[in-house]
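Chains as they are written, first to last, in the numbering used here: chain A, 1 to 274; chain B, 275 to 801; chain C, 802 to 1008. Quick notes on the structure that follows.
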Amino acid sequence: MMSKLSSIARTVLATLCVFAGAAAVAAEYNMPVGVTDVSREIQELHMTIFWICVAIGVLVFGAMLVSMVLHRKSLGATPATFHESTKLELLWTVIPIVILVVMALPATDVLVKIYDTGGEDMVVEVRGYQWKWQYKYLDEELNEQVSFFSNLATPRGQILGQSEKGENYLLEVDNELVIPTDTKVRFLLTSNDVIHSWWVPDFGLKRDAIPGFINEAWANVKEPGVYRGQCTELCGKDHGFMPVVVRVVPKAEFQQWYAAQLEASATEALAMAN
Amino acid sequence: MSAVIEAHHDDHDHGPAKGITRWLYTTNHKDIGSMYLWFSFIMFLVGGVMALVIRAELFQPGLQFVEPALFNQMTTNHGLIMVFGAIMPAFVGLANWMVPLMIGAPDMALPRMNNLSFWILPFAFGMLLSTLFMESGGPNFGWTFYAPLSTTYAPDSVTYFIFAVHLAGASSIMGAINIIATILNMRAPGMTLMKMPMFVWTWLITAYLLIAVMPVLAGAVTMMLFDIHFGTSFFDASGGGDPVLFQHVFWFFGHPEVYIMILPAFGIVSHIISTFSRKPLFGYDSMVYATSSIAFLSFIVWAHHMFTVGMPLAGELFFMYATMLIAVPTGVKVFNWVSTMWRGSMTFETPMLFALAFIFLFTIGGFSGLMLAIAPADFQYHDTYFVVAHFHYVLVSGALFSIFGAVYFWLPKWTGHMYNEGLGKLHFWLSFIGVNVAFFPMHFSGLAGMPRRIPDYALQFADVNAWSTVGAFVFGISQLLFLWILVQTIRAGQKATTEVWEGSEGLEWTVPSPAPYHTFAEPPKVA
Amino acid sequence: MEDRAGQAKGTVLRLVLGGAAMFGFAFALVPLYDVICEVTGLNGKTAGRYEAAPAALEPDRSRDVQVRFVTNTNAGMPWRFGAEQGGMTVNPGGLNVAMFYAENPTNRPMVAQTIPSIAPGRAASYFHKTECFCFDQQVLMPGEKVEMPMRFIVDRDLPEGVVTISLSYTMFDITDQASGRYALEKALATKSAPAAKASGDTGAAGG
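Spelled out as structure tokens, the structure:
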């Protein structure tokens, strides 16, 4: 009977562990490690707290399972009468506190790092609108020379099921935000109307865009690529249709792109004046 | 005063009045409790239909059934109905039925106010639901109704929404006053505070939380009302106000609110586990202190709902630490329940199944809550389906399961009939499977990057959403089975004994089944 | 028998006084909140006009602080509004001036309110404005354009780590709000023949 119990219990516990582990490790469904130091550290915090929870879960659910199997009236168990233990209460109050303190230390470190917005190399203003983003590159001499809107580019036909959905369905825009690698980019976030929120999972960056107020955040992206996110604050009917797309390119390529943008907007300004 | 009671005692039971006026005018805690429970069940089904509309739309990528504008009304009202119309009234109904019985009191302290507290609700929710049929549409700004989406950009029906919130809030405040007055003044002689049943303790603490925070909610919606109609700028930057102020005021209410929705559940679970383990609750004193700690801490953690808003670093750190701390007393409670089971003599009737599932699944919800408390990690979780998974685990497989467990547990006492155990177990397993298939995958779509409150999503979230929809429909449809079980049990069934369950302890199990219309006209002696 | 009537009267009195006290407390919260926000510099608000003591006006040349300006008009605000310079490098303690412009391109008089906001939040209480167009409502007649100076001092006690201060101005149309209507009435009473003062006189160079 005991061996039957232990083999059942061991099988179930093992399955649970495998399940939990597999699910977590399956990168497709886990938080991305991302392409910044901050995103990687956040992912590590996430995995740490996850495994702590798994460990506590195994202990607690294991005890429950054992009890449910062994301490049954149908097996003839007679109920014990103990109903308190100050020592146990103290133990299972203090130990969790210690675990939490241990968890809070690295979490504090990462948060302090996230708040350190100074010493940036570049500033971009991100402005939320119903239902699109506006990006403005701010430089020293003049307010902004390059600014554009970034709208969802997925055709309505795909949304209504009239044509097949593309690979980046709902995560593609007409004008992407372009920034260089290895550059500390400071983002200034605000909104034109209601509260929006700008999120790029691969950067570990999410900040609310609040009308009339300015928020700041920073990212230093190590790897070139295209990174996609979405608005993460309910902002009206098309809240689900205002994605964030950031193209990160090597510095030289960025300089070229930026120069071309400057020229284009100068030409445009000239045309409008005439 | 005592002369009046004695006269009634001799004048044997005239019984309840007949017809609809019985229900309109009743001051009887059992009648009022039943009305609250039926009302909450109807609201649960209404909110559930809204959930199924949401899940139907989210079954596949693309927009198939509803326009985004209507989708936002569904998500908003699903939340409002479930929080204010289903879970809270259900717990109040259980309190009305059981608190007087558990403390040996003849009724609640303020029976007429009790009646008013209930009858406000159908009116308030009728008004709220009617907004869905108004030309401007119903509330569409989320159950958390952040400004300025809910002020400057709100549909015209927002004023009815505000009125409905005020009414429901007034109902809760009056109910809470009633509970406190009853518990503090009408306990049977010999029942000191530290001898009260856990359900009574958890409801006493919950009632204080309600009185403390429902007025804050009233303040928030009144400020909204003034911003919308009277030219103030509480939440409007152009007049010197701040949208984030709304969030602070709302969540100062909102966080204790979620503890209001779980503390009575903790009490119920303590009763059921100890009864079906045939063993006294482990660590009674500790359970009381833990519940009190949770209630106190619940006031100082609100901004963990606002980690991405741009708070100063010191504030962000404080709220992270305080939120992590709340895990400690909650864990203590879980350990105490497991210790209650340990070396008991367990049987697994339907109430016990729901209580055990509560401990298992609420703890999972608690784990995701602890993860959310880690502020830097929360930058990745906030406003994604990870949060949706968390709160559905603690509210559906947490609070709602405790309500199901309580109903099965006390139904024989209320109706005098045993429910059909086989059907009860079937309802449990369908619900358990449905709830997990619906909500566990949401952890993953959230981690993979799916935001909340969107009617359509990118292709990588498709599989998870399909599973969630299947689970939701299984769960939803199995609640019709619950309705069947309830109706059958009320009408007929094996006769229930006075003590009903073998391990039952407490005054409520000393009155006949069904409990007479009036009980404890004379206070019982408590050892 | 106890004095039931007297007891009841006492209870009523205490309840009424309690209610009045709560109301008074709510009222007192208005000035109280102003004081709290000013003292703590909460939510990026930079408080009202700053009265500088002469000693504080000595610039700390050993330290550079970059001040950047961000300007925006909120939804439904058609004015042109911007800064004449994207930013400036200043020394804490020195008095600086930045210029902004605003133009009403519509054919009706309008009133604006500009709301400042500062990032990082902890710099807010160290940024002092001695003169700012954001202190008042701005009334512009159709086609009118103005240059608006903003004078500010960055406090010498600005925390070490703050190297860049971003000051954002968001301009709102408050013509239809009570404060806007009041400002417009006052302005119309003092301004003469508004229509005749269209773009030509104000030196706005086309565009």
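Idealized CB from N, CA, C, for every residue including glycine. For clarity, every value in this text was computed on a predicted model and none was experimentally measured.
Distance between residue 943 of chain C and residue 133 of chain A, taken at the CA atoms: about 30 Å. For residue 979 of chain C, at least one C-beta of chain B is nearer than 8 Å to its own C-beta. For the pair residue 709 of chain B and residue 60 of chain A, the CB atoms are not nearer than the 8 Å cut-off. Counting only Cβ-Cβ distances below 8 Å, residue 216 of chain A has contacts in chain C at 920, 921 and 967, in chain order. Taking residue 202 of chain A as reference, the option from B:717, B:723 and B:777 with the minimal CA-CA separation is B:723.
Of all residues in the segment 866-891 of chain C, the ones placed with a Cβ closer than 8 Å to any Cβ belonging to chain B are 875, in chain order. Contact annotation: residue 418 of chain B and residue 321 of chain B have beta-carbon atoms that are not nearer than 8 Å. Interface annotation for the segment 528-560 of chain B against chain A: 551, 552, 553, 554, 555, 556, 557, 558, 559 and 560, criterion Cβ-Cβ distance under 8 Å. By DSSP's assignment, residue 952 of chain C forms a beta bridge with C:898 and C:932. With three or more CB-CB distances shorter than 8 Å, the segment 55-70 of chain A counts as touching the segment 626-642 of chain B. Going by DSSP, residue 448 of chain B is part of no beta strand (DSSP E) but of the alpha helix (DSSP H) stretching over 432-459. Judged by pairs of C-beta atoms under 8 Å, the segment 328-345 of chain B does not touch the segment 395-403 of chain B, as fewer than three such pairs exist.
DSSP places residue 541 of chain B in no beta strand (DSSP E) but in the uninterrupted alpha helix (DSSP H) bounded by 537-551. Among the CB atoms of chain A, one or more fall inside 8 Å of the CB of residue 962 of chain C. Of the other Cβ atoms in all chains shown, fewer than 16 fall within 10 Å of the Cβ of residue 890 of chain C; this residue is therefore exposed. In the three-state scheme derived from DSSP, where H, G and I count as helix and E and B as strand, residue 347 of chain B is classed as helix. Comparing alpha carbon positions, the residue from A:126, A:206, A:39 and A:212 closest to residue 177 of chain A is A:126. Contact annotation: in the segment 897-920 of chain C, residues whose CB is within less than 8 Å of a CB in chain A are 916, 918, 919 and 920. Against chain A, the CB of residue 971 of chain C has a partner CB under 8 Å away; the residue lies at that interface. The alpha-carbon separation between residue 520 of chain B and residue 303 of chain B amounts to approximately 37 Å. One alpha carbon belongs to residue 913 of chain C, the other to residue 981 of chain C, and they sit about 7 Å apart. At a cut-off of 8 Å between beta carbons, residue 248 of chain A makes no contact with chain B.
For the pair residue 331 of chain B and residue 196 of chain A, the Cα-to-Cα distance works out to about 23 Å. In this chain, the beta strand (DSSP E) harbouring residue 125 of chain A covers 122-129. Using a Cβ-Cβ cut-off of 7 Å, residue 128 of chain A is close to nothing in chain C; its nearest Cβ partner there is about 11 Å away. Only those residues of the segment 505-521 of chain B whose C-beta falls short of 9 Å from the nearest C-beta of chain A are listed: 510, 511, 512, 515, 516, 517, 518 and 521. For the options B:656, B:660 and B:635, the alpha carbon positioned closest to that of residue 668 of chain B is the one of B:635. Taking residue 87 of chain A as reference, the option from B:677, B:610, B:385 and B:650 with the minimal CA-CA separation is B:610. 582, 583, 584, 587, 590, 591, 594, 595, 598 and 599: these are the residues of the segment 570-599 of chain B whose beta carbon lies less than 8 Å from some beta carbon of chain A, given in chain order. Going by beta carbons, residue 817 of chain C and residue 188 of chain A fall outside the 8 Å limit. Three or more Cβ pairs closer than 8 Å define a contact, and the segment 246-254 of chain A falls short of that threshold against the segment 952-963 of chain C. When the beta-carbon positions are compared, residue 672 of chain B and residue 720 of chain B stay at least 8 Å from each other.
Using a Cβ-Cβ cut-off of 7 Å, residue 108 of chain A is close to nothing in chain C; its nearest Cβ partner there is about 17 Å away. Under the 8 Å criterion on CB atoms, residue 692 of chain B is classed as non-interfacial with respect to chain A.
No Cβ of chain B is located within less than 8 Å of the beta carbon of residue 163 of chain A. Take the alpha-carbon of residue 467 of chain B and the one of residue 778 of chain B: they are about 20 Å apart.
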